[in-house]
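Here the structure is laid out as structure tokens; the discussion comes afterwards.
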């Protein structure tokens, strides 16, 4: 089993930046791809972007590509989601997930809440 845990959520004002981290433990050799998702209250889950543990560059959803940055620290089994210029529409529960192959996310963290308000 792979365990994922997100850190770094909180309440911020519009325009602020926030960095989330996701630590993977357990059978991490089974993970190939790490993804970030979010789900606003009452809405569907949205894919934000993903990154492999290898040398490939991250990919992003068009909706956040100009503001969000995904990175990894393989030595720490940790991926990061840096979010810049946050706005109230970014308020959501943020999740990381792992996949043994592209598009096959099979393990999820419990999520961390991000609230953007003035």
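In my numbering, the protein residues as written are 3 to 120.
Ideal placement from N, C-alpha and C gives every residue a C-beta, glycine not left out.
Nothing here was measured: the structure is a model prediction, and the numbers come from that model.
Would you mind giving the Cβ-Cβ distance between residue i and residue j, rounded to the nearest angstrom? I have them listed as a contact below 8 Å.
i: residue 27; j: residue 82; result: Not really, about 16 Å apart at Cβ, beyond 8 Å.
i: residue 35; j: residue 76; result: Residue 35 to residue 76, Cβ: 13 Å. No contact.
i: residue 48; j: residue 40; result: 5 Å
Do you know how far the Cα of residue j is from the Cα of residue i?
i: residue 79; j: residue 30; result: 8 Å
i: residue 69; j: residue 113; result: 20 Å
i: residue 86; j: residue 102; result: 29 Å
i: residue 51; j: residue 108; result: 16 Å
i: residue 12; j: residue 115; result: 6 Å
i: residue 25; j: residue 97; result: 11 Å
i: residue 65; j: residue 95; result: 17 Å
i: residue 2; j: residue 17; result: Here the chain comprises residues numbered 3 to 120, so residue 2 is not present and cannot be evaluated.
i: residue 88; j: residue 14; result: 8 Å
i: residue 33; j: residue 106; result: 10 Å
i: residue 119; j: residue 55; result: 34 Å
i: residue 19; j: residue 84; result: 7 Å
i: residue 57; j: residue 71; result: 16 Å
Classify residue i as buried or exposed, calling it buried when 16 or more other Cβ atoms lie within 10 Å of its own Cβ.
i: residue 90; result: exposed
i: residue 37; result: buried
i: residue 67; result: exposed
i: residue 104; result: exposed
i: residue 21; result: exposed
Using 8 Å as the limit for Cβ to Cβ distance, is residue i near chain D?
i: residue 50; result: Looking for chain D here will not work: only one protein chain is present.
Going by Cα to Cα distance, which pick from the options is closest to residue i?
i: residue 3; options: 43, 110, 115, 118; result: 110
i: residue 53; options: 73, 88, 15; result: 73
i: residue 43; options: 106, 93, 119; result: 93
| message | For the segment 6-17 against the segment 56-75, do three or more pairs of beta-carbon atoms, one drawn from each stretch, fall closer than 8 Å, so that the two count as touching? | response | As far as the Cβ criterion goes, the segment 6-17 does not touch the segment 56-75, which means the pair count is below three.
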